[in-house]
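Report on the following structure.
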Amino acid sequence: LARAGESVSVSERRPDVGLRFHPNLQGLKYVDTAPQEFMKGMGVRSSIKYRYFSKLFFGTRSRDIELGIGRNKKIPFVARGGKNSLEYALYREAEHLGVGFEFNSKMPKREAGVIATGGTGCDFAAAGAIYDDTDFPRDHFLAIFDDRYSPTGWYSYIFPISSDQVEFVNCVSQPHVPLLARLTEKALKERKILRDFLGGKRKAASFAGSGSARVPRTAFAGGKYYIGEAAGFQDPFMGFGIKYALVSGKLAADAMLHGKDYDSLWRAAILPDMKKDFARRFPLSLFGDAVPELVMRKYRNGSIVDISNAAPERFPFYKLVEELFFRAECLKKDVTGYW
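Residue numbers (my numbering): 2 to 340.
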């Protein structure tokens with residue numbers, strides 16, 4: 002909006018940008034182009050650092066294996082929280098363009114034109130900690146699918162976030178959120194690979210957070226544009242939400258600048274990916290960690306995998322199955338109250 006000559010001001014509840022998260026790494030949901038090109042398409046010119054991992058420790062209930070990640074199939078990760086984060090880079094760019102920022106703001110939503118306040122409610126949650134001086138290799142990350150600690154079909158992970166620190170996070174969905182702290186401690190005590198890397202290491206910080214997801218009937222209500230998780234644009238499959246936040250912000254700007262219908266724009270650009278997310282959550286919500294166990298059964302130590310393709314989209318009738326699973330997952334949410 003500012004690039005197009007509009008006068009823009011941002012009201013931020015906190016005293017600075019990037020305070021929602023303890024500094025950490027988060028994955029940018031798979032994009033068809035290099036992340037730099039994707040960001041340019043969003044109108045972002047900031048120099049943003051991306052991190053890639055070449056190897057993966059993958060755990061299921063019955064085993065842990067080490068895998069290589071295909072050269073062209075790596076997921077870009079970005080820093081969140083703090084001065085070196087994605088959001089701080091966007092803040093500096095916006096400020097350079099003349100956007101005004103009011104921090105510690107108590108401006109009511111009714112006075113805003115765009116609502117980007119995050120989600121409401123708690124469909125899933127994560128708890129974790131930062132550990133110092135671990136032996137975890139810096140070119141790896143770790144993911145474990147084990148319903149004993151991350152039910153049903155959710156996961157825990159380790160990312161190295163600096164030369165001497167790693168983060169461990171455990172994720173669950175409702176109705177297991179009240180048990181999250183207990184399940185996380187249980188995983189750290191019982192899962193050997195976690196003990197090997199984190200046992201006896203100093204815990205530098207602890208953190209937790211929650212999220213929500215829905216397919217909104219409209220993301221334009223009361224004359225206001227709702228973007229990101231405020232609209233419900235979140236991934237209930239793996240928890241990736243950054244791409245949806247960026248895309249929906251760009252689409253809201255396009256709608257305002259060019260008189261386009263915002264709902265039509267996001268349904269064309271975001272809904273197809275969200276349908277995949279909800280469809281993939283459906284078998285996990287029914288069968289839990291048996292699904293990744295089945296999918297990964299063909300891989301052994303040293304195998305090269307394409308982790309960007311979590312569903313066999315090349316198979317016949319995939320689109321039909323995806324639509325049926327998407328509708329079934331939405332119906333399950335209506336009946337049970339959780340994904």
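Every residue, glycine too, gets a C-beta built ideally from N, C-alpha and C.
> Taking contact to mean at least 3 C-beta pairs separated by less than 8 Å, is the stretch 65-83 in contact with the stretch 37-57?
Replying inline: Three or more beta-carbon pairs drawn from the stretch 65-83 and the stretch 37-57 are found closer than 8 Å, and the two stretches are therefore classed as touching.
>> Just to confirm the assignment: which complete beta strand (DSSP E) runs, minimum length 3, are found wholly within the stretch 140-204?
In response: Within the stretch 140-204, complete beta strand (DSSP E) segments of at least 3 residues are found at 141-145, 157-161 and 166-174, given in chain order.
>> So E168 and I131 are supposed to be a Cβ contact under 8 Å. How far apart are they, rounded?
In response: Taking 8 Å as the upper bound for CB-CB distance, E168 and I131 are in contact here, some 5 Å apart.
> Can you tell me whether A231 is buried or exposed, with buried defined as 16 or more other CB within 10 angstroms of its CB?
Replying inline: Classification of A231: buried, given that the 10 Å Cβ count is 16 or more.
> Helix, strand or coil for K225 per DSSP?
Replying inline: strand
> Between which two residues does the alpha helix (DSSP H) carrying L354 extend?
Replying inline: Any property of residue 354 remains undetermined from this structure, which presents the chain solely from 2 to 340.
> Are the beta-carbon atoms of D307 and M275 separated by less than 9 Å?
Replying inline: Contact: no.
>> Considering only their Cβ atoms, is the gap separating G201 from L189 smaller than 9 Å?
In response: no
> Which ranges would you report for the beta strand (DSSP E) in the stretch 76-128 if only whole runs of at least 3 residues count?
Replying inline: Complete beta strand (DSSP E) runs here, min 3: 78-81 and 101-103.
> Among G28, V79, R4 and I70, which one has its Cα closest to the Cα of R46?
Replying inline: Comparing Cα positions, the closest option is R4.
> beta strand (DSSP E) containing D335: first to last residue?
Replying inline: D335: not part of any beta strand (DSSP E); member of the alpha helix (DSSP H) spanning Y319 to T337, first to last residue.
> So, using beta-carbon positions, are N171 and A127 closer together than 9 Å?
Replying inline: yes
>> Excluding the 5 residues flanking F240 on each side, which residues of the same chain have their C-beta closer than 8 Å to its C-beta?
In response: Strictly speaking, residue 240 in this sequence is Gly, with Phe absent from that position. So the qualifying residues of the chain are F125, A127, C172 and G212.
> Taking DSSP as the reference, what is the three-state secondary structure of L57?
Replying inline: strand
> What do you get for N302, buried or exposed, if any count of 16 or more other CB atoms within 10 angstroms of its CB means buried?
Replying inline: Burial call: exposed.
> Thinking just about the alpha-carbon of each residue, which of S163, R21, I194 and Y89 is nearest to the one in G60?
Replying inline: I194
>> Suppose the cutoff is 8 Å on Cβ atoms and the five residues either side in sequence are ignored; what does the same chain contact list for A270 look like?
In response: V248 and L252
> Excluding the five sequence neighbours on either side, which residues of its own chain have a C-beta within less than 7 Å of the C-beta of S174, listed in chain order?
Replying inline: D124, F125, W155, Y339 and W340
> Quick one, which of M43, P24, L26 and H23 has its alpha-carbon nearest V32's?
Replying inline: M43
> Is the stretch 7-15 close to the stretch 89-104, with three or more CB pairs under 8 Å?
Replying inline: yes
> Is DSSP giving Q27 helix, strand or coil here?
Replying inline: strand
>> For A206, tell me which candidate among G129, L26, L20 and R298 has the shortest Cα-Cα distance.
In response: G129
> Candidates I305, P293 and E324: which alpha carbon is nearest T153's?
Replying inline: Of the candidates I305, P293 and E324, the one whose C-alpha sits nearest the C-alpha of T153 is P293.
>> Taking the alpha helix (DSSP H) that G42 belongs to, which residues open and close that run?
In response: P36 to G42
> With which residues is R52 paired in a DSSP beta bridge?
Replying inline: F78
>> V115 and G341 - do their beta-carbons sit closer together than 9 Å?
In response: This structure cannot speak to residue 341, because the chain is shown only from 2 to 340.
> Around the Cβ of T121, are there at least 16 other Cβ atoms within 10 angstroms (buried) or fewer (exposed)?
Replying inline: exposed
> Does DSSP put Y300 in a helix, in a strand, or in coil?
Replying inline: coil
> With distances taken between CB atoms, is the gap from L49 to V18 smaller than 9 Å?
Replying inline: The amino acid at residue 49 is misidentified as Leu; the sequence shows Ile. In this structure, V18 does not lie closer than 9 Å to I49 by Cβ.
>> Alpha carbons only, please: which of F326, L68 and L295 is nearest the one belonging to D147?
In response: L295
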